[in-house]
Amino acid sequence: MAKGKPGIDIERCKGCALCIEACPEKILKMSESFNRQGQPYTICFEPERCTSCMSCAIICPDSAIRIWRYVAV
Amino acid sequence: MRNEDADVKLVYSMPESLVDRPNHYCPGCGHGIIHKLLTQAIDELEIREKTIFIAPVGCSVLAYFYIDVDGCEAAHGRAPAVATGLKRVHKDKVIISYQGDGDLLAIGTAETIHAANRGENITVIFVNNAIYGMTGGQMAPTSLASQKTKTSPYGRDPADVGQPIRACELLNTLEAPVFIERCAVNNVKNILKTRKAIKKVVQNQVLNIGYSFVEILSMCPTGWGMTPQRAVEWIDEAMIPYYPLGNFRKKESDHV
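These protein sequence lines map, in sequence, to chains A and B.
Numbered according to this note's numbering, the first sequence spans residues 1 to 73.
Numbered according to this note's numbering, the second sequence spans residues 1001 to 1256.
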């Protein structure tokens, strides 16, 4: 299975947590601290389990998530 | 594979036509997703330099801050009329009218129906969130029966104000529209279908096929008084049974 990692722009995130529900691997959670907008933000606590399926990025209303995929060279 | 001999490739990022600026929408609002899908379609079809985006009145009134194409602001409900004028003058441009439920089905009903009936070669994106979000959660023509809003605190009473209007079914009685579809943005599967539908409605105009309409069921957690997680479930439980998803009409052009 493909592997990858999400890149979360914590300053764009508004903490709606739609990505947490959408993630099939359940590796996202809300932070305990707040960003400059005064909102909690999403963090990925086990990036090595990410399959780069892009579900979180597709559902993110704030375009705060980018996805990288590891490809063999 | 996650070691030095693996290369890292960016597979998903913000569309080029979407401005890198935090948007003003509430957490969990569907507008952000729909803006992203629309800008992806504009990028894929490479029509950024010839697109004219018509911003409506509603929460998305400032959408031209986020979508990096030429734009025009229309008076409340008059987006299809403005789009008609723009399209007839600038036949080579792609005119996208982006409207909410108060705009399209309350004050702008006449413009919507007549632009569709004339079969103007425009694209209409209708965002249905069953409430007036911008003004603070009043009842809209699309609010569901017994739905509680600021102006229907005991729930919408169909005996008093009528049943909610189904825009796709209404336009499907007309001859001229070539594409009518209803989608939702409440989960990844529905978003991917919506992405295809948005690309199709924009492409229809590029190919001069005719009036294309897409209705998108969207979340308004603030207006509905729900958490974003509850709002996406509410679309499945309450909205989709009344507003069934699917394609209502798909005419292909003879000369394409």
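All residues carry an ideal CB built from backbone N, CA and C; glycine is no exception.
Values in this document were obtained by computation on a predicted structure and should not be read as measured data.
Item                                                                                                                                                                                               : Value
Check whether the segment 1076 to 1085 of chain B touches the segment 1125 to 1141 of chain B, counting contact only when three or more Cβ pairs, one atom from each stretch, lie closer than 8 Å. : no
Considering only their Cβ atoms, is the gap separating B:Ala-1231 from B:Met-1239 smaller than 8 Å?                                                                                                : no
Within this structure, are the beta carbons of B:Asn-1172 and B:Phe-1248 separated by less than 8 Å?                                                                                               : yes
Would you report the Cα separation of B:Gly-1108 and B:Thr-1142, rounded to the nearest angstrom?                                                                                                  : 14 Å
Which same chain residues end up closer than 8 Å to B:Leu-1018 when comparing Cβ atoms and leaving out the 5 residues on each side of it in sequence?                                              : His-1035, Lys-1036, Thr-1039, Tyr-1066, Ile-1067, Asp-1068
Please list, in chain order, the chain B residues whose beta carbon lies closer than 9 Å to that of A:Arg-49.                                                                                      : Within chain B, no residue comes near A:Arg-49; the closest Cβ sits about 11 Å away, beyond 9 Å.
Using DSSP with H/G/I as helix, E/B as strand and the rest coil, what is B:Pro-1228?                                                                                                               : helix
Taking all protein chains shown into account, do 16 or more other C-beta atoms lie within 10 angstroms of the C-beta of A:Ala-72, making it buried, or fewer, making it exposed?                   : exposed
Do you know offhand how far B:Lys-1093's Cα is from B:Asp-1103's?                                                                                                                                  : 23 Å
I need the DSSP call for B:Phe-1065, collapsed to helix, strand or coil.                                                                                                                           : helix
For A:Ser-31, which residues does DSSP report across the bridge?                                                                                                                                   : DSSP lists no partner for A:Ser-31.
B:Ile-1052 to B:Ile-1096, Cα distance in whole Å?                                                                                                                                                  : 6 Å
Between which residues of its own chain and A:Thr-51 is the CB-CB distance below 8 Å, once the five residues before and five after are set aside?                                                  : Met-1, Ala-2, Lys-3, Gly-4, Pro-24, Glu-25
Do you know offhand how far B:Val-1127's Cα is from B:Glu-1215's?                                                                                                                                  : 6 Å
Measure the C-alpha to C-alpha separation of B:Pro-1027 and B:Met-1226 and round it to an integer number of angstroms.                                                                             : 11 Å
Quick check on the burial criterion: 16 or more other C-beta atoms within 10 angstroms. Buried or exposed for B:Glu-1181?                                                                          : buried
Alpha helix (DSSP H) containing B:Lys-1148: first to last residue?                                                                                                                                 : No alpha helix (DSSP H) contains B:Lys-1148, which DSSP labels as neither H nor E.
If you reduce the DSSP assignment to three classes, tell me which class B:Met-1001 lands in.                                                                                                       : Note that B:Met-1001 scores a pLDDT of 49, beneath 50, so its modelled location is shaky and nothing firm can be said.
Heavy atom of the ligand NAP less than 7 Å from the Cβ of B:Ser-1017, yes or no?                                                                                                                   : For the structure depicted, the ligand NAP is absent and the ligand set is empty, with no information on it obtainable.
Between B:Lys-1251 and chain A, is any beta-carbon pair separated by less than 8 Å?                                                                                                                : no
Judging by CA-CA distance, which residue of B:Pro-1022, B:Ser-1013, B:Tyr-1243, B:Thr-1112 is the nearest neighbour of B:Asp-1043?                                                                 : B:Ser-1013
Can you confirm whether A:Gly-38, when its beta carbon is compared against all beta carbons of chain B, has any partner nearer than 8 Å?                                                           : no
Helix, strand or coil, according to DSSP, for B:Cys-1059 in the structure here?                                                                                                                    : helix
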